[in-house]
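Heads up: the sequence shown begins at 499 in this note's numbering, then just goes up one per residue.
Glycine residues also receive a C-beta, built at the ideal position from the N, C-alpha and C atoms.
Remember, it's a predicted structure, so these values are computed and weren't measured experimentally.
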Amino acid sequence: MQIRFLGVGSQFTTQEYYHSNILITAPSGRRLLVDCGGDARFSLGERGIHPGDPEGRIGSIYISHLHADHIGGLEWMGFVTYFAPDMERPRLFCEERHLANLWHHSLKSGLHAIEEKCMDISDYFDCHPLKADGFFVWEDIRFDLIEMEHVTAREGCRHPSYGLLIGSHDPDGTKVFISTDAKFQPDLIASMARRAVVLFHDCETAEIRSTVHAHYDDLVTLPAEIKARMWLYHYQFDPEQDPVADGFAGFVVKGQSFNFSGRGK
Numbered sequence: 499m500q501i502r503f504l505g506v507g508s509q510f511t512t513q514e515y516y517h518s519n520i521l522i523t524a525p526s527g528r529r530l531l532v533d534c535g536g537d538a539r540f541s542l543g544e545r546g547i548h549p550g551d552p553e554g555r556i557g558s559i560y561i562s563h564l565h566a567d568h569i570g571g572l573e574w575m576g577f578v579t580y581f582a583p584d585m586e587r588p589r590l591f592c593e594e595r596h597l598a599n600l601w602h603h604s605l606k607s608g609l610h611a612i613e614e615k616c617m618d619i620s621d622y623f624d625c626h627p628l629k630a631d632g633f634f635v636w637e638d639i640r641f642d643l644i645e646m647e648h649v650t651a652r653e654g655c656r657h658p659s660y661g662l663l664i665g666s667h668d669p670d671g672t673k674v675f676i677s678t679d680a681k682f683q684p685d686l687i688a689s690m691a692r693r694a695v696v697l698f699h700d701c702e703t704a705e706i707r708s709t710v711h712a713h714y715d716d717l718v719t720l721p722a723e724i725k726a727r728m729w730l731y732h733y734q735f736d737p738e739q740d741p742v743a744d745g746f747a748g749f750v751v752k753g754q755s756f757n758f759s760g761r762g763k
């Protein structure tokens, strides 16, 4: 299995970084897209992947939460695959509450009508709602949802993001953790570090903190053993920090790929 970062930037990113969307390719060649931000057509295009072409098919998509840098490309993806001849609907995996809101609050206005036909999300995607503490299996690989605190202004505005613990069904098998967007949660990070050999973690690098992402200055306080296995992504452009000098594995760069054990190549 290959994990490739199509982008590594934050919401306010540039072409040099792109949004932090991830492409997972199984040994069979089948592809799973983890999040589909507004620049997905460009970041996929740079990899020579065009979802409207059978050779570029994205068979499955996982959505972690509903911010535009993670879902902004879904309208495009829906249209491209719907109008492509003989193209199957992509499978769409998402936590059940987020999935319900995805259509009604994000996609419906653009996708609900084609000529004289009223459409629903199921016309574009084969939807698989997931429990917040659930999992799904893709290409015989298990993906456990890990609820991450993200936006917590008040209960009515609470908007978690669901990270992924990826690995085999064997409890002792090799696993990889991807945080998606998350506040600094040292206890949860420590728990994931006990289960995963490699951790990819959201990392804010701006001088002014947003309060909804883990900041570099907080992550650097983690134990050395954890930092050595942690790659940082979702950072602002031109970061001044030196993660290797501070004991991390490094900043992931746009287009960088990792094998299942997490080694860069």
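Check: ILE559 and LEU590: beta carbons closer than 7 Å?
Finding: yes
Next item on the list: Would you mind reading off the limits of the alpha helix (DSSP H) that contains MET690?
Entry: 684-693
Next item on the list: Please work out which residues of its chain come closer than 8 Å, Cβ to Cβ, to TYR731, disregarding the five sequence neighbours upstream and downstream, and give them in chain order.
Entry: PHE503, VAL506, SER518, PHE698, HIS699, ASP700, CYS701, PHE749 and VAL750
Checklist line | Buried/exposed call for ARG761, threshold 16 Cβ in 10 Å | finding: The pLDDT assigned to ARG761 is 39, lower than 50, so where the model puts this residue is not dependable, and the model offers no usable value.
Checklist line | Separation of ILE501 from SER755, as counted between CA atoms | finding: 5 Å
Margin query: For SER620, tell me which candidate among GLU647, PRO588 and LEU643 has the shortest Cα-Cα distance.
Written below: PRO588
Check: If you count every other CB in all the chains shown that lies within 10 Å of the CB of GLU723, and 16 or more means buried, which is it?
Finding: exposed
Next item on the list: Could you tell me which residues DSSP puts in a beta bridge with ARG529?
Entry: THR523
Notebook entry, point to check: Between the beta-carbon of ASP744 and the beta-carbon of VAL718, is there less than 7 Å?
Noted result: yes
Next item on the list: Provide the residue(s) that pair with PHE633 in DSSP beta bridges, ordered along the chain.
Entry: ASP642
Notebook entry, point to check: Under a Cβ-count criterion, where at least 16 other Cβ atoms within 10 Å of its own Cβ denotes burial, should ARG529 be classed as buried or exposed?
Noted result: buried
Notebook entry, point to check: Mind checking whether ASP642 and LEU663 have CB atoms under 7 Å apart?
Noted result: yes
Notebook entry, point to check: If ASP716 and PHE682 are in contact, beta carbons under 8 Å, what's the gap, nearest whole angstrom?
Noted result: 4 Å
Checklist line | Best match in ASP736, HIS713, PHE675 and GLU738 for proximity to MET728 [C-alpha to C-alpha] | finding: PHE675
Note to self: Runs of 3 residues minimum, wholly inside the region 737-763: which ones carry the beta strand (DSSP E) assignment?
What the structure shows: 755-757
Notebook entry, point to check: Can you name the residues that DSSP bridges to PHE503?
Noted result: ILE520
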